[in-house]
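Numbering-wise (the UniProt record's numbering), the sequence shown opens with residue 1 and increments by one.
Even for Gly, the Cβ is constructed at its ideal location relative to N, Cα and C.
This report concerns only the one structure given below.
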Amino acid sequence: MRPRSTSPLAHSSSPLPPPFSSSSPTDRRLNTLVRHLLVENSSSVMDSISASPTSAFHGDSVFAHIVRAPEDPILGVTVAYNKDPSPVKLNLGVGAYRTEEGKPLVLNVVRRAEQQLVNDVSRVKEYLPIVGLADFNKLSAKLILGADSPAIQENRVTTVQCLSGTGSLRVGGEFLARHYHERTIYIPQPTWGNHTKVFTLSGLSVKTYQYYDPATRGLNFQGLLEDLGSAPSGAIVLLHACAHNPTGVDPTLEQWEQIRQLIRSKALLPFFDSAYQGFASGSLDADAQPVRLFAADGGECLIAQSYAKNMGLYGERVGALSIVCKTADVASRVESQLKLVIRPMYSNPPIHGASIVAIILKDRDLYNEWTIELKAMADRIISMRQQLFDALRARGKHF
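See the structure below:
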């Protein structure tokens, strides 16, 4: 039988490698160095390995004190759903669009865009810049602010690609905690369950303002105005751009204008969470109107965007943070500091999902196809909600 091959470090008596054939002074020095290291260090390396037997790790885990954390209140529902063997179960947890058969939907326009990526052999998988894909950033700003936005035309907007809506909120929150003079953010009551955790861990102090009125099942507009009116000057205010989560109750455009006037008069800083553009009304432009009201008055604001819902790119984690500034110079300096927030957090964002979005947004045919598919989803959601309401009400007044 052939003897097993052994590492040069296995035995100190192992034969040394032959010297380099080259007779140059450099190669002779390298040859001498290699032989010296093998002779001097082989036994010490093995002694070091032998001195650390695996039996040393047989005691209690250094993590034995860790208690089991509760499941996430939203994503934990999906965990329970997947474990439930019932054939008639429904997942009412995470907000992800489903077909009539209860299956995940990949938009046709997304598949077409992905096919373009596959067919383009010139595409590479290099790291993106810290701020992300340039085309994606420019197109995302135009989608939410409008192509004719003065802020965009005057280069007063800086946009960075982030990890969906959550990542956009986190980057924005950490930026404000480092560089904004007021570290209190007001969020609506109720709001998306992750908002409090995201902003608290960003370094901000979280307070709430009145929003939903259970008695009327509508907006508590007076309570909202009272709470924001009593907020300290300069405080940050989180606003749901459209399709408020979890109530679905949005202010009218007239109410938005009153909110804008109050926020500007108090020098509050609006931070929009735009997770559902196109889903509230079926129109991308209509759902962006509240944000555009604020951007058009020359004031500053932050906008977190997500493509998880309106393009169905849940798992791609595609989002953007835009900050509208007073001047182009300020916007440039803000971007430089956003890079310092992003670099130690996740270094740079992934390329695939952002490339899908960029292809769809800059191709007129694909963009039009997307708006048609998006409106179909929005209309179906509205119809299903109405049917559910009618069915529940038919069962009695308690519904």
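Quiz prompt | Reduced DSSP category for glutamate 296 - H, G, I as helix; E, B as strand; rest coil | solution = The sequence given here places alanine at residue 296; glutamate does not occur at that position. Three-state result, alanine 296: helix.
Quiz item: Can the beta-carbon of tyrosine 314 be found closer than 7 angstroms to that of alanine 320?
Solution: In terms of Cβ geometry, tyrosine 314 and alanine 320 do not form a close pair [threshold 7 angstroms].
Quiz item: Considering only C-alpha positions, which residue in the set Ala141, Ala331 and Gly165 is nearest to histidine 195?
Solution: It is Gly165.
Self-check item: Contact set for serine 281: own chain, Cβ-Cβ below 8 angstroms, skip 5 residues either direction
Solution: Closer than 8 angstroms at the Cβ level, and outside the excluded window around serine 281, lie Cys242, Asp287 and Ala378.
Quiz prompt | Short Cβ contact (7 angstroms threshold) for leucine 374 with asparagine 310 | solution = The Cβ-Cβ distance between leucine 374 and asparagine 310 falls below 7 angstroms.
Quiz item: Is leucine 302 buried or exposed, if buried means 16 or more other CB atoms sit within 10 Å of its CB?
Solution: Leucine 302 is buried by the Cβ-count criterion.
Exercise. Would you decide whether glycine 193 is buried or exposed? Buried here means 16 or more other CB atoms lie within 10 Å of its CB.
Key: Of the residues assessed, glycine 193 falls on the exposed side of the cut-off, its CB having fewer than 16 other CB atoms within 10 angstroms.
Exercise. Starting from lysine 375, follow the alpha helix (DSSP H) in both directions and report where the run begins and ends.
Key: Judged by DSSP secondary structure, lysine 375 falls within the alpha helix (DSSP H) whose first and last residues are 364-394.
Practice problem: Below 7 angstroms CB to CB, which residues in the same chain sit around serine 202 once its five sequence neighbours on both sides are set aside? | Solution: Same-chain partners within the cutoff: Arg170, Gly173, Glu174 and Ala177.
Quiz item: Between the beta-carbon of isoleucine 185 and the beta-carbon of leucine 239, is there less than 7 angstroms?
Solution: With contacts defined by Cβ atoms closer than 7 angstroms, isoleucine 185 and leucine 239 do not form a contacting pair.
Exercise. Can you give me the start and stop residues for the beta strand (DSSP E) that aspartate 273 sits inside?
Key: Counting along the chain, the unbroken beta strand (DSSP E) around aspartate 273 starts and ends at 269-274.
Quiz item: Between which two residues does the beta strand (DSSP E) containing tyrosine 186 stretch?
Solution: 184-189 is the extent of the beta strand (DSSP E) around tyrosine 186.
Quiz item: Mind checking histidine 294: buried by the 16 CB within 10 Å criterion, or exposed?
Solution: Per the sequence shown, residue 294 should be read as phenylalanine rather than histidine. Buried.
Quiz item: Do the region 205-212 and the region 252-262 touch if we need at least three Cβ pairs shorter than 8 angstroms?
Solution: When Cβ pairs closer than 8 angstroms are counted between the two stretches, the region 205-212 is seen not to touch the region 252-262, the count staying below three.
Quiz item: Would isoleucine 66 be called buried (16 or more neighbouring beta carbons within 10 Å of its own) or exposed?
Solution: By the neighbour-count rule (16 or more Cβ atoms within 10 Å), isoleucine 66 is not buried but exposed.
Quiz item: Which value, in whole angstroms, describes the spacing of the CA atoms of valine 109 and phenylalanine 279?
Solution: When rounded, the distance between both Cα atoms is 17 angstroms.
Quiz item: What is the rounded straight-line gap between the Cα of glycine 76 and the Cα of glycine 93?
Solution: Those two C-alpha atoms are separated by around 8 angstroms.
Exercise. Could I get the ranges of all uninterrupted beta strand (DSSP E) runs contained in the region 131-182, with 3 residues as the minimum, in chain order?
Key: Listed in chain order, they are 157-163.
Self-check item: Touch test, the region 130-146 against the region 156-163, Cβ-Cβ under 8 angstroms, three pairs minimum
Solution: Contact holds: three or more Cβ-Cβ distances are below 8 angstroms.
Quiz item: Where do the N-terminal and C-terminal ends of the alpha helix (DSSP H) with serine 205 fall, by residue?
Solution: Following the DSSP letters along the chain, one finds serine 205 in no alpha helix (DSSP H) but inside the beta strand (DSSP E) bounded by residues 205-210.
Quiz item: Skipping 5 residues on each side, what residues in its chain have a beta carbon closer than 7 angstroms to that of histidine 179?
Solution: Cβ within range, chain order: Gln337.
Quiz prompt | Closest residue to leucine 225 among Arg385, Arg393 and Ile259 (Cα-Cα distance) | solution = Nearest of Arg385, Arg393 and Ile259 to leucine 225, Cα basis: Ile259.
Quiz prompt | Option nearest asparagine 155 by Cα separation, candidates Phe221, Val330 and Ala275 | solution = When Phe221, Val330 and Ala275 are compared, the shortest CA-CA separation from asparagine 155 is found for Val330.
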